[in-house]
Each structure stands twice: as C-alpha cells, then as structure tokens.
C-alpha cells in the first residue's frame, strides 16, 4: 500500500493518479528525505517522469532527464508501426528523437537494426545517448537531417520523425507540465503545426531507400494538410489511426524502383 501521507499530498496537488504515482516515488526514493523532496517537486508541477528519472515506453524503461520532452504513451502506436515495417537489419532513423525512446524500441524489437538518432536540443541528445548507445545505436546533435552522417542518404528504410505539431497559438493551452518543463522546440509546430513536418518531407525522399517509409505522428484535424505536405515531395501517403491510443500516424513511402 502506498504511504497515505504521500498520496494525500499528491492528491491535494491535483494528481489524478495519486496512488500509482506514490508507489513510483516510494520505489525511486533512497530514503525519507529524498522521498519528501521528490513529492515536493511533483506537487509543484514537475512531470513525474522528470522526478523519478524515467518513463515506461513500449515495455522499456526510458531515461528522461529534466528539461527533456517526455515520451507520450500514444506515441507507442507510431513506434509500433515503425517496428512492423522494419525488416531484420534495417537502417532506421529516429529524427527529433528527444529522449530516444523510438530509437531504443527499434533497437530492442528489430533484430540487427542499424539505428541513428538526432535532435537539436543538447539536453535531449545527452539523454538519448543514455538510452540508445548502450543498445548499439548512434546519436547525433543538430538540425534534422543535417545532423546525420551523409552516408545514410538513400539508405534509410524506416524514418521515424516525431516532429512537434502543436500550432503556436495553442502551445499556451497545453498542460503546465508540458509548457513549463519541456523545451518549446519540441512542442511548437509553427502557425498551423506543420512547419517541421514540411521541412522533413522536403528532404525525406533523398534519405529514404527505395520503398523506405517516413512515419510521423499528427492530429486528426491536421491529417489532410499533413498528407499534402508529403505528397508534393515524391512520397506516397497513407494514414493509420488508433482509437485505443487516440493516435493518428502518417506513413509516407518512397516508391520502389520499378
């Protein structure tokens, strides 16, 4: 049973799943003083994952440092589709990788996968290296494709790009946990939420192998414009959705060589 006083403090702070969070905090704390500090930080609004230092994602424990985008559970649907498309030994890229959750899952679930990840945020890159490099992957710092080794051009079979897609004017409507503790660059997708997707789509065909796939998460109301964004750059789109995860994923494929 979780400590009743911890549950009460968390519930008073507005934590909906106070009992479950109390269990996680109790398990993570080395002693009473650390537990008190951790509960205080959580009650002050710090994301639980930043307090305990990890997030559960697709069956893995992913390290998540303060200031790093927390992997969302709905993104497990995106990564599941990527795993399903990756053959053994596939060359995969985790673009806008954040903590590197997608790359870590690909390395764990796809036999012999060759995985490269990149992010523009130094804190995210440091965190991703902890999650990806021990599993045999590679992490690079920089802006989208510019961070990747040039030798990957035309060889990528599965390209996961978990780009930001919240319209700028809606960022302020996000929960305080996100807007106050996660990097803006990981949330703000520009005026209509699709600025970064358009940049990725403009270069993706050059990096994908024939028959290779680009996978991005988007919202249901953005689907038509997201499809337009990739269709104009030689990619064939299809959209898959999950009511269970409340997730929408755009898969854009470079046509195979005839």
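Numbering (my numbering), first residue to last: 843 to 1100. Ideal Cβ positions, reconstructed from N, Cα and C, are used throughout, including at glycine.
Taking C-alpha positions only, residue 1021 is separated from residue 892 by approximately 14 angstroms. Within the same chain, 844, 845, 848, 849 and 852 come within 7 angstroms of residue 864 by CB-CB distance, once the 5 residues on both sides are set aside.
Contact between the region 963-981 and the region 998-1008 is not established, with fewer than three Cβ pairs separated by less than 8 angstroms. Here residue 952 is buried. Its C-beta has 16 or more other C-beta atoms within 10 Å. A distance below 7 angstroms between beta-carbons, with the five flanking residues on each side excluded, links residue 1030 to the following residues of its chain, in chain order: 1006, 1008, 1010 and 1013. In this structure, the straight-line span from the alpha carbon of residue 939 to that of residue 961 is close to 6 angstroms. When DSSP states are grouped into helix, strand and coil, residue 1052 belongs to the strand group.
Straight through space, the alpha carbons of residue 995 and residue 988 are spaced by roughly 11 angstroms. Three or more Cβ pairs closer than 8 angstroms define a contact, and the region 1055-1072 falls short of that threshold against the region 897-907. Straight-line spacing of the CA atoms in residue 890 and residue 946 works out to 21 angstroms.
By alpha-carbon distance to residue 981, the top candidate from 936, 948 and 1047 is 936. Shown here, residue 900 sits in coil according to DSSP, grouped into three states, outside any helix or strand. Here residue 1053 is exposed, its C-beta having fewer than 16 other C-beta atoms within 10 Å. For residue 914, no beta strand (DSSP E) segment is defined, and its DSSP state is neither H nor E.
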